[in-house]
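2 protein chains.
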Amino acid sequence: MKSRRSVLKKFLKTTSLLLMCSLLLTACGNLQNSSLSSGGGDTNKTSVQTTSSSDSSSYDVLLSGGKYKTSPISGLTAADNTNQFNSRSFESGLMSLSKKQFSTNNYVFQEGQVLTASKVVDWLGRKSKSNPTGLNPKDNGSKDENKRAPMYFQQMLEEDYLTKQDGKYKLAGMSIGIAMNKIDYYQKKQYGATYKTSISTAEQKEQGERIAKEVVKRLRANKEVGNIPIVVALYSVAPQDTLVGGTYFQYSISKSDSLGSWKDLNYRNQMLPTVNGENAINSSDADAFANFKDHIQNYFPNLSGVTAQAKYDGDTLKSLDITINTQFDGLAQVTSFTQFVQQSASKYLPSGADLDISIQTVDEQQAFVTRSNGKFTSHVYDAD
Amino acid sequence: MKSRRSVLKKFLKTTSLLLMCSLLLTACGNLQNSSLSSGGGDTNKTSVQTTSSSDSSSYDVLLSGGKYKTSPISGLTAADNTNQFNSRSFESGLMSLSKKQFSTNNYVFQEGQVLTASKVVDWLGRKSKSNPTGLNPKDNGSKDENKRAPMYFQQMLEEDYLTKQDGKYKLAGMSIGIAMNKIDYYQKKQYGATYKTSISTAEQKEQGERIAKEVVKRLRANKEVGNIPIVVALYSVAPQDTLVGGTYFQYSISKSDSLGSWKDLNYRNQMLPTVNGENAINSSDADAFANFKDHIQNYFPNLSGVTAQAKYDGDTLKSLDITINTQFDGLAQVTSFTQFVQQSASKYLPSGADLDISIQTVDEQQAFVTRSNGKFTSHVYDAD
Numbered sequence: 001m002k003s004r005r006s007v008l009k010k011f012l013k014t015t016s017l018l019l020m021c022s023l024l025l026t027a028c029g030n031l032q033n034s035s036l037s038s039g040g041g042d043t044n045k046t047s048v049q050t051t052s053s054s055d056s057s058s059y060d061v062l063l064s065g066g067k068y069k070t071s072p073i074s075g076l077t078a079a080d081n082t083n084q085f086n087s088r089s090f091e092s093g094l095m096s097l098s099k100k101q102f103s104t105n106n107y108v109f110q111e112g113q114v115l116t117a118s119k120v121v122d123w124l125g126r127k128s129k130s131n132p133t134g135l136n137p138k139d140n141g142s143k144d145e146n147k148r149a150p151m152y153f154q155q156m157l158e159e160d161y162l163t164k165q166d167g168k169y170k171l172a173g174m175s176i177g178i179a180m181n182k183i184d185y186y187q188k189k190q191y192g193a194t195y196k197t198s199i200s201t202a203e204q205k206e207q208g209e210r211i212a213k214e215v216v217k218r219l220r221a222n223k224e225v226g227n228i229p230i231v232v233a234l235y236s237v238a239p240q241d242t243l244v245g246g247t248y249f250q251y252s253i254s255k256s257d258s259l260g261s262w263k264d265l266n267y268r269n270q271m272l273p274t275v276n277g278e279n280a281i282n283s284s285d286a287d288a289f290a291n292f293k294d295h296i297q298n299y300f301p302n303l304s305g306v307t308a309q310a311k312y313d314g315d316t317l318k319s320l321d322i323t324i325n326t327q328f329d330g331l332a333q334v335t336s337f338t339q340f341v342q343q344s345a346s347k348y349l350p351s352g353a354d355l356d357i358s359i360q361t362v363d364e365q366q367a368f369v370t371r372s373n374g375k376f377t378s379h380v381y382d383a384d
Numbered sequence: 385m386k387s388r389r390s391v392l393k394k395f396l397k398t399t400s401l402l403l404m405c406s407l408l409l410t411a412c413g414n415l416q417n418s419s420l421s422s423g424g425g426d427t428n429k430t431s432v433q434t435t436s437s438s439d440s441s442s443y444d445v446l447l448s449g450g451k452y453k454t455s456p457i458s459g460l461t462a463a464d465n466t467n468q469f470n471s472r473s474f475e476s477g478l479m480s481l482s483k484k485q486f487s488t489n490n491y492v493f494q495e496g497q498v499l500t501a502s503k504v505v506d507w508l509g510r511k512s513k514s515n516p517t518g519l520n521p522k523d524n525g526s527k528d529e530n531k532r533a534p535m536y537f538q539q540m541l542e543e544d545y546l547t548k549q550d551g552k553y554k555l556a557g558m559s560i561g562i563a564m565n566k567i568d569y570y571q572k573k574q575y576g577a578t579y580k581t582s583i584s585t586a587e588q589k590e591q592g593e594r595i596a597k598e599v600v601k602r603l604r605a606n607k608e609v610g611n612i613p614i615v616v617a618l619y620s621v622a623p624q625d626t627l628v629g630g631t632y633f634q635y636s637i638s639k640s641d642s643l644g645s646w647k648d649l650n651y652r653n654q655m656l657p658t659v660n661g662e663n664a665i666n667s668s669d670a671d672a673f674a675n676f677k678d679h680i681q682n683y684f685p686n687l688s689g690v691t692a693q694a695k696y697d698g699d700t701l702k703s704l705d706i707t708i709n710t711q712f713d714g715l716a717q718v719t720s721f722t723q724f725v726q727q728s729a730s731k732y733l734p735s736g737a738d739l740d741i742s743i744q745t746v747d748e749q750q751a752f753v754t755r756s757n758g759k760f761t762s763h764v765y766d767a768d
């Protein structure tokens, strides 16, 4: 424990804070039982350069001092969770919610630059004498799955939204994602077996609201933030064994000191075909996908898998991310197959949903088909 | 040798001819010194179903008996060559040449169904008493790099073009790709070191023309083929250590018995940035690419590589296939980077060339940007 702290402190003095922190945290596992001291701030110089989106529904992105700036807190996590689907949806979900508050026409985006890694490492830790700002509960001494105090707060994300004022980009809005565990994975001893503590939906909500309130209070104390609107959203981390990412379950817009009222979100993700006898969220969507899958498997030999992540808002299917694994990579066959997939998607899949279909072999991406706002695009790699 | 033949014969009786043959050939290495007996024919039943191209510059593809049919000779090679860039350009180049003769509006495409695997295995072998149809020269007994008779003929590709006649699709045109080695890799003893025999451009041309003439003669003897037009094209296989694929160097259109006159092709591929002090085919294109590369590397940290395959027809740059390796995979950063790549490509890269830009991490494809006929398309994976 001591060596971990001293190593971190030493590195905090170096300039490449972000990289080092993520390396360190990867190396050290997680913060389950550790507390780490807080480091310094981060000054944020902005230049006028942006990468412009070709699409008005996406943000332009600020390049600071000519370079893209990553957030120093990116990738910091409290406990282990190997579900790779969480990280993208944690990011993309917060950006989608942000668009309701910060118009893509008026605001440019930058990864969060206000919160520092050392500060967030402390916040993600357990509260203790040596870590008074920890937002996870004190260790109650128990290692029992049902009696211990679990790590509720798993990860944090900051997104900054800037507007041009008097020729300069200034921070004008912020979004904060707070990832809450549904299952907390832990070891009773180092390198030991993994145990898990389940967290109820009610607890997730209660603890998430507590943490959000405290985070906003701390942010408001920062001069740079002051009274700008802050979107705070609570995300439920998907357990390791699911093949879909987590979802945001509620959000609030803080316009001044208070947090504002919470609004429920009803996003749900489901893997298709469903596994372990799970019921389909919507059986007609599941049937449509099964028909699509049968149709293409019937006409093309050597398809080793056709699966989808279905994303719902309430009962409405918003999108299907489909992965098709093939064993062929000949150009003519891939090209023909891509045409056929597009035709079949158009014929069988629910017409309202956006589609993102990846056609790949074990080695590499071969082609894709997308449908966005009803319009299909497809591409075969290296087709000349 | 004996066991290889008997295993092949046994498998030839099974229905899954294609799969088995390619497995077998992979397992057995190559045909350098082997001869394999010829097998039976392949009846070709066609149904009216096609996969339709959404784009008039691509062929519709015939689905035979409801399924996509692969060519039984696909992947058969005479000698070892591990250059992965050859296979795609061998296919795509022949299809491009075919479009000049067989209009995409009138013909549908099917992978070659006339030539059988066993026949082509024989043709790719050395001529010998037991393999009278071998199109590679007799073994002259020498193992010396400069004295031995090299394997000239490396691989063969058949593409079928069909038209609808009286409600049925019938074979109406054919294209044959003949891949000629520039360097023949061989072992002096099994599992021994690899040696190589270089083949001059003049020899490649002379031998290629000899082989093409014989192949067309043999095809014309097949009733199914009869007098349909046959596009025959000679392809120079790129050596193993180049990072680009080979190119077609001449072609001819046989309209009846004779081969027709040869037309030269002047395609050239080059890796950018150039390696080993090689001169750029066109220094202003190479400079443009260098500027593009510098520009994006300057603004985005953690780019581990930016390389291109430049494809020329004579002195005209036709296309750039660019691969950008990054170490980041956060959604916001990938999205911003993709926007920036498109802007930079539009600003720096030669405006006439088609672009195919892949943005990837070691693990997976992250995004792509293409420009075809001056129109940009881009896509970020899993962006919701």
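So the sequences go chain by chain: U and S. Take the first sequence: its position 72, counting from 1, is numbered 72 in my numbering, and each next residue is one higher. In my numbering, each number is its position in the second sequence, counted from 1, plus 384. Even glycine gets a Cβ: it sits at the ideal position worked out from N, Cα and C. Owing to the predicted nature of the structure, the values given are computational and were not obtained by experimental measurement.
Counting C-beta neighbours from all protein chains within 10 Å, is the total for residue 484/S 16 or more, i.e. buried, or is it exposed? Burial call: exposed.
Cβ of residue 445/S less than 8 Å from any chain U Cβ? Yes, because at least one Cβ of chain U sits closer than 8 Å to the Cβ of residue 445/S.
What residues in its chain sit with their C-beta under 6 Å from that of residue 307/U, if we drop five residues either side in the sequence? Its chain contains 323 as the residues whose beta carbon lies nearer than 6 Å to that of residue 307/U, once the 5 sequence neighbours on both sides are disregarded; these appear in chain order.
Using the C-alpha atoms, what's the distance from residue 751/S back to residue 297/U? Distance between residue 297/U and residue 751/S, taken at the CA atoms: about 27 Å.
In the DSSP assignment, what residue or residues form a beta bridge with residue 789/S? In this structure chain S extends from 385 to 768, so residue 789/S is not present and cannot be described.
If we count Cβ pairs, one from each stretch, closer than 8 Å, do we get three or more for the stretch 169 to 178 of chain U versus the stretch 228 to 247 of chain U? Touching, per the Cβ criterion.
Who does residue 603/S pair with in a DSSP beta bridge? In the DSSP output, where bridge partners are listed per residue, residue 603/S has none listed.
Rounded C-beta distance between residue 108/U and residue 68/U? I'm assuming under 8 Å. About 12 Å; that fails the 8 Å criterion.
With a 10 Å radius around its C-beta and 16 neighbouring C-beta atoms as the bar for buried, classify residue 427/S as buried or exposed. At residue 427/S, the pLDDT of 33 sits below 50, so the modelled position is not reliable and the matter cannot be decided from this model.
Starting from the C-beta of residue 765/S, find all residues in its chain whose C-beta is less than 7 Å away, skip the five residues before and the five after it, and write them out in chain order. Within the same chain, residue 765/S has close Cβ partners 749, 750 and 751.
The beta strand (DSSP E) with residue 617/S in it runs from where to where? Counting along the chain, the beta strand (DSSP E) containing residue 617/S begins and ends at 614 to 621.
Can you have a look at residue 191/U and say buried or exposed, based on whether 16 or more other CB atoms are within 10 angstroms of its CB? Per the 10 Å Cβ criterion, exposed.
Could you tell me the alpha carbon to alpha carbon distance between residue 320/U and residue 629/S, rounded to whole angstroms? Residue 320/U and residue 629/S have their C-alpha atoms some 36 Å from each other.
List, in chain order, every chain U residue whose beta-carbon is nearer than 8 Å to that of residue 716/S. 61, 91, 95, 109, 111 and 159, listed in chain order.
Might you give, ordered along the chain, the residues of its own chain that have their beta carbon closer than 7 Å to the beta carbon of residue 542/S, omitting 5 neighbours on each side? The residues are 455, 457, 496, 498, 499, 558 and 560.
Compare the C-beta of residue 472/S against all C-beta atoms of chain U and say whether one is closer than 8 Å. So, interface residue.
I'd like to know whether the C-beta atoms of residue 151/U and residue 122/U end up nearer to each other than 8 Å. Not a contact, by the Cβ cut-off of 8 Å.
So which residues of chain U does residue 450/S contact, with C-beta pairs closer than 8 Å? Per Cβ cutoff of 8 Å: 298 and 299.
So residue 737/S packs on residue 701/S, CB below 8 Å; how close in whole Å? By a beta-carbon distance limit of 8 Å, residue 737/S contacts residue 701/S. Their separation comes to about 5 Å.
Residue 196/U versus residue 334/U: straight-line alpha-carbon distance, rounded: If you take the alpha carbons of residue 196/U and residue 334/U, they lie about 44 Å apart.
Hey, does residue 274/U have any beta-carbon neighbour from chain S nearer than 8 Å? Not a single C-beta of chain S is nearer than 8 Å to the C-beta of residue 274/U.
Measure the beta-carbon distance from residue 62/U to residue 110/U and round it to whole angstroms, keeping in mind my assumption that it falls under 8 Å. Their Cβ separation, rounded to whole angstroms, is 4 Å, which keeps residue 62/U and residue 110/U in contact under 8 Å.
Would DSSP call residue 504/S helix, strand or coil? Residue state, collapsed to three classes: helix.
Can you give the beta carbon distance from residue 254/U to residue 261/U, rounded, assuming they're within the 8 Å contact cut? In fact, because the Cβ distance is near 10 Å, the residues do not count as touching under 8 Å.
Would you mind telling me which residues of chain U sit closer than 7 Å to residue 749/S, beta carbon to beta carbon, in chain order? For residue 749/S, the chain U residues whose C-beta falls within less than 7 Å of its own C-beta are 365, listed in chain order.
Give the residues of chain S in contact with residue 379/U, contact being defined as C-beta atoms less than 8 Å apart. Per Cβ cutoff of 8 Å: 752, 754, 761 and 763.
Whose Cβ in chain U lies nearer than 7 Å to the Cβ of residue 724/S? What residue 724/S touches in chain U: 51.
Taking a Cβ distance cut-off of 7 Å, strictly less, list which residues of the stretch 687 to 713 of chain S are near chain U, in chain order. Within the stretch 687 to 713 of chain S, the residues whose Cβ lies closer than 7 Å to some Cβ of chain U are 703 and 705, listed in chain order.
Once the 5 residues before and after residue 651/S are set aside, which same chain residues still bring their CB inside 8 Å of it? Cβ within range, chain order: 477, 631, 632, 633, 695, 696 and 697.
Which of the three DSSP states is assigned to residue 380/U in this structure? Residue state, collapsed to three classes: strand.
Comparing alpha-carbon positions, which option in 363/U, 349/U, 378/U and 344/U lies nearest residue 740/S? When the alpha-carbon of residue 740/S is set against those of 363/U, 349/U, 378/U and 344/U, the nearest one is in 378/U.
Leaving aside the five residues before and after residue 665/S along the sequence, list all residues of the same chain whose C-beta is less than 8 Å from its C-beta, in chain order. Around residue 665/S: 652, 654, 694, 696 and 699.
Work out the CA separation of residue 688/S and residue 470/S for me, nearest whole Å. Whole-angstrom Cα-Cα distance: 25 Å.
Against chain U, does residue 640/S count as a neighbour if the rule is that its beta carbon must be under 8 Å from one of theirs? Closer than 8 Å: no.
Below 8 Å on the Cβ atoms is my contact criterion, and I expect residue 51/U with residue 724/S to pass it. Report the Cβ-Cβ distance as a whole number of Å. Indeed, because the Cβ distance is near 4 Å, the residues count as touching under 8 Å.
Quick check: the Cα distance between residue 80/U and residue 179/U, rounded to an integer number of angstroms? Rounded to whole angstroms, residue 80/U to residue 179/U spans 13 Å at the Cα level.
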